[in-house]
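In terms of UniProt numbering, the sequence shown is residues 1 to 217.
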Amino acid sequence: MKRIKVKIGIIGYLPFEFNRKLIKNWKSDIFEIVDDIEEYHFTNHSDTFSWGYSDRILNMELPQIFDGELFIGITYVPIEDNFYARRLESNRIVLSYFEMYQILKHDDLPMENLLLRVLYAYCLVYLRNNHTIPQQNEWLGFTHDDTRGCLFDMNGNKSDVVFSLNSPKICDDCTNRIRAEKVSDNYTNQIKKEIKRIKKKKLNGLRKRNFIRFLIL
């Protein structure tokens, strides 16, 4: 299988620790992270309700030229319609940790899990759409409204994302639709295998003892 080349950048300031090394060294037969994770800065003001950034502004803020087939920009600012991920022009995606940071932290989920889930989901979108990422205004119907712990959960309620950040899956309905869109089982099965490694943190010894003590009390 040919690996999809993905460039990752941080857009603006991230007010939390993010393990770039984990992402850079993630073993995958599906995608390859190209070069270092680079930093970019906002040069425009927010232009939507609640200090959010519209697709129009984000299309200007994310680099137009990059090494790779996909670009994923990570940010902490709110984005249009308060989504946590949006598809932009030229095979670019923006992933916002606005509100997501608190949701993941509350459930003791690594911040990197959200990026990994988005990476695998959009690699499949790319393969399902003739090696392109359709823009946000193009309706694709590749998500489902109900929460199944699947890569393609819609997560209309942002907090539902936690169910697909600990050993997520590709549900049977999505598997059948992916087949109908002529993505090989080789790719799909490999993704199913790899996403099992997206896991919740294990309690270390001290935290585990404190947790047990709390339960006893």
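Beta carbons are placed, not taken as given, at the ideal position from N, Cα and C, and that holds for glycine.
Coil, strand or helix - residue i by DSSP
i           : result
residue 21  : helix
residue 106 : helix
residue 146 : coil
residue 86  : strand
residue 208 : Residue placement at residue 208 is poorly supported in this model, since its pLDDT is 49, which falls under 50; the coordinates are not used for a value here.
residue 200 : coil
residue 190 : helix
residue 164 : helix
residue 224 : Residue 224 lies beyond the residue range present for the chain, which begins at 1 and ends at 217; the question has no answer from this structure.
Contact belief for residue i with residue j at Cβ below 8 Å, rounded distance in angstroms
i           : j           : result
residue 62  : residue 52  : Not really, about 15 Å apart at Cβ, beyond 8 Å.
residue 116 : residue 198 : 5 Å
residue 79  : residue 104 : No, residue 79 and residue 104 are not in contact; Cβ-Cβ is about 17 Å, not under 8 Å.
residue 46  : residue 6   : Between residue 6 and residue 46 the Cβ distance is about 27 Å, and since that is not below 8 Å, they are no contact.
Alpha carbon of residue i to alpha carbon of residue j, nearest angstrom
i           : j           : result
residue 55  : residue 75  : 13 Å
residue 159 : residue 100 : 8 Å
residue 150 : residue 128 : 17 Å
residue 184 : residue 29  : 14 Å
residue 147 : residue 32  : 29 Å
residue 136 : residue 108 : 30 Å
residue 186 : residue 164 : 22 Å
residue 112 : residue 181 : 29 Å
residue 35  : residue 18  : 17 Å
residue 166 : residue 65  : 33 Å
residue 94  : residue 189 : 26 Å
residue 22  : residue 37  : 11 Å
residue 24  : residue 70  : 15 Å
The ligand GTP heavy atom lying under 8 Å from the CB of residue i
i          : result
residue 15 : The ligand GTP is not among the ligands present in this structure, which contains no ligands whatsoever.
Run of the alpha helix (DSSP H) containing residue i, from where it starts to where it stops
i           : result
residue 179 : 172 to 180
residue 125 : 111 to 128
DSSP beta-bridge partners of residue i
i           : result
residue 218 : The first residue shown for the chain is 1 and the last is 217, placing residue 218 beyond what the model contains.
residue 73  : 9, 94
residue 153 : 144
residue 53  : 79
residue 48  : 52
residue 32  : 5
residue 169 : 150
Boundaries (first-last residue) of the beta strand (DSSP E) holding residue i
i          : result
residue 94 : 92 to 96
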